[in-house]
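Enquirer: Chains as they are written, first to last, in this note's numbering: chain A, 843 to 991; chain B, 843 to 991. Ideal Cβ placement from N, Cα and C applies to all residues, glycine included. Below: one structure in structure tokens.
2 protein chains.
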Amino acid sequence: MKRDSRLSSVLHALLHMAEQDGPLTSEALAQCMHTNPVVVRRTMGLLRDVGIVHSAKGHTGGWTIAADLKTVTLRQLHEALGEPAVFAIGNRNETPECLVEQSVNSVLDDAFSEAEALLLRRFENVTLADLAAEFARRHAQWRTERTLS
Amino acid sequence: MKRDSRLSSVLHALLHMAEQDGPLTSEALAQCMHTNPVVVRRTMGLLRDVGIVHSAKGHTGGWTIAADLKTVTLRQLHEALGEPAVFAIGNRNETPECLVEQSVNSVLDDAFSEAEALLLRRFENVTLADLAAEFARRHAQWRTERTLS
DNA sequence: CGAATCGTAATAATTGAAGTTACATGAAAA
DNA sequence: TTTTCATGTAACTTCAATTATTACGATTCG
């Protein structure tokens, strides 16, 4: 299966939008993410549906952040994207007749549920502001290194 | 992408093999798993490579368990299958130039690593014997329910 | 008006798992 | 020894899901 990289993508886009005042066009976002403007619109559209970003048509149009960076969590973004399946491994058949297979599913489901819950808790505790801070840290570091060399 | 259900599949197969003395053919395993004998050989072959099962050709041939159920963990099976990717979500680009994207990757990777570590620890603590016990429990339960009705 | 921009439907490309076909190899049975 | 049954494996097809592309409509600003 191909991996779903939309969460990673929208985070990248949102951080670029946060660094900039004024809207960014789908075209501009697509270029910095090495993808296609239509893909950007499709994905960002899901965030607009829940009020995280705003889009405007026409001249001077484009995408802007419509929420406080401190209040938007990765969990919310994951939900806005439709809560895509987290795992690439899973049961062969979700509703088997066979008691053996039911036992296997039950044990595996327990393990997967626990891991997914942990991941979502982590997602709840990371905001866009945290990510922006992480970027600022790396940016400062990079400037230091550049000066030293 | 399609989900990788091989771990689920081999567990199902191994438990059926444990319930039975004497070898089971790929054909028989394929039937009870609603799949194809070649797929069974391909997948079980990986377990044979690490000594968990044994295969024999010709008349009276087939697949048998070659290890103590108490010593085989889900983790070992996952490894025998080549440690397939656990997550269906991931970064768009694993080695980005862009500092923004590096920051995003770093934060997401942390979360994914933690969740994967938890899952693998869980896998370490479940043996085939545990699964067989879970099946026995369900089987007994099912017999009780059938008698009562 | 007209150029820029989003909105969206329809379709193709891509990727990786699973399924299928075909045939070689080896072992037990007749 | 010949036949039959089973695995071993390569090559290819199918399938499912994400991502990319094309095309065109709708809106807004200059």
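In the segment 863-904 of chain B, which residue ranges form an unbroken alpha helix (DSSP H) of at least 4 residues, counting only runs that do not cross its ends?
Expert: Complete alpha helix (DSSP H) runs here, min 4: 868-874, 879-891.
Enquirer: What residues in the segment 843-868 of chain A have a beta carbon less than 7 angstroms from any beta carbon of chain B?
Expert: From the segment 843-868 of chain A, only Met843, Lys844, Arg845, Asp846, Ser847, Leu849, Ser850, Ser851, Leu853, His854, Leu857, His858 have a Cβ closer than 7 angstroms to chain B.
Enquirer: Residues of chain A with a CB under 9 angstroms from the CB of Ser955 (chain B): which are they?
Expert: Counting from 1 along the second sequence, the entry for residue 955 (chain B) is found at position 113. Near Ser955 (chain B) there are no residues of chain A at all, since even the closest Cβ is about 10 angstroms away, more than 9 angstroms.
Enquirer: Between the C-alpha atoms of Leu916 (chain A) and Asp863 (chain A), what's the straight-line distance to the nearest angstrom?
Expert: The sequence position of residue 916 (chain A) within the first sequence is 74, counting from 1. The sequence position of residue 863 (chain A) within the first sequence is 21, counting from 1. If you take the alpha carbons of Leu916 (chain A) and Asp863 (chain A), they lie about 22 angstroms apart.
Enquirer: For Ala971 (chain B) and Met875 (chain A), what's the separation of their Cα atoms in angstroms?
Expert: Here the question's residue 971 (chain B) lines up with position 129 in the second sequence. Here the question's residue 875 (chain A) lines up with position 33 in the first sequence. Answer to the nearest angstrom: the Cα atoms are 48 angstroms apart.
Enquirer: Could one say the Cβ of Asn967 (chain B) lies closer than 7 angstroms to chain A's Cβ atoms, at least one of them?
Expert: As a first step, residue 967 (chain B) must be located in the second sequence, where it is residue number 125. So no, Asn967 (chain B) is outside the interface.
Enquirer: Val949 (chain A) versus chain B: which residues are under 7 angstroms apart at the beta carbon?
Expert: Working through the first sequence from its first residue, we reach residue 949 (chain A) at position 107. The contacting residues are Val968, Leu973, Glu976.
Enquirer: I'd like to know whether the C-beta of Ser993 (chain A) is nearer than 7 angstroms to at least one C-beta of chain B.
Expert: Only positions 843 to 991 of chain A appear in this structure, which leaves residue 993 (chain A) out of reach.
Enquirer: Output, in chain order, the set of chain A residues within a Cβ distance shorter than 8 angstroms of Asn878 (chain B).
Expert: Here residue 878 (chain B) refers to the residue found at position 36 when the second sequence is read from its first residue. In chain order: nothing, as chain A lies at least about 13 angstroms away.
Enquirer: By alpha-carbon positions, which one of A:Leu941, A:Glu956, A:Leu962, A:Glu976 ends up nearest to Ala982 (chain B)?
Expert: In the second sequence, the residue the question calls residue 982 (chain B) occupies position 140. Here the closest residue by C-alpha is A:Leu941.
Enquirer: Using the C-alpha atoms, what's the distance from Thr877 (chain A) back to Val895 (chain A)?
Expert: Translated into positions along the first sequence, residue 895 (chain A) becomes position 53. Translated into positions along the first sequence, residue 877 (chain A) becomes position 35. If I take the Cα positions, the gap works out to 19 angstroms.
Enquirer: Quick one: list the residues of chain A neighbouring Gly932 (chain B), beta-carbon separation under 8 angstroms, in chain order.
Expert: If you number the second sequence from 1, residue 932 (chain B) lands on position 90. Simply Arg845, Asp846, Ser847, Ser850.
Enquirer: Out of B:Ala909, B:Ser945, B:Val881, point me to the one whose CA is closest to Leu857 (chain A)'s CA.
Expert: In the first sequence, the residue the question calls residue 857 (chain A) occupies position 15. For Leu857 (chain A), the nearest C-alpha among the options comes from B:Ser945.
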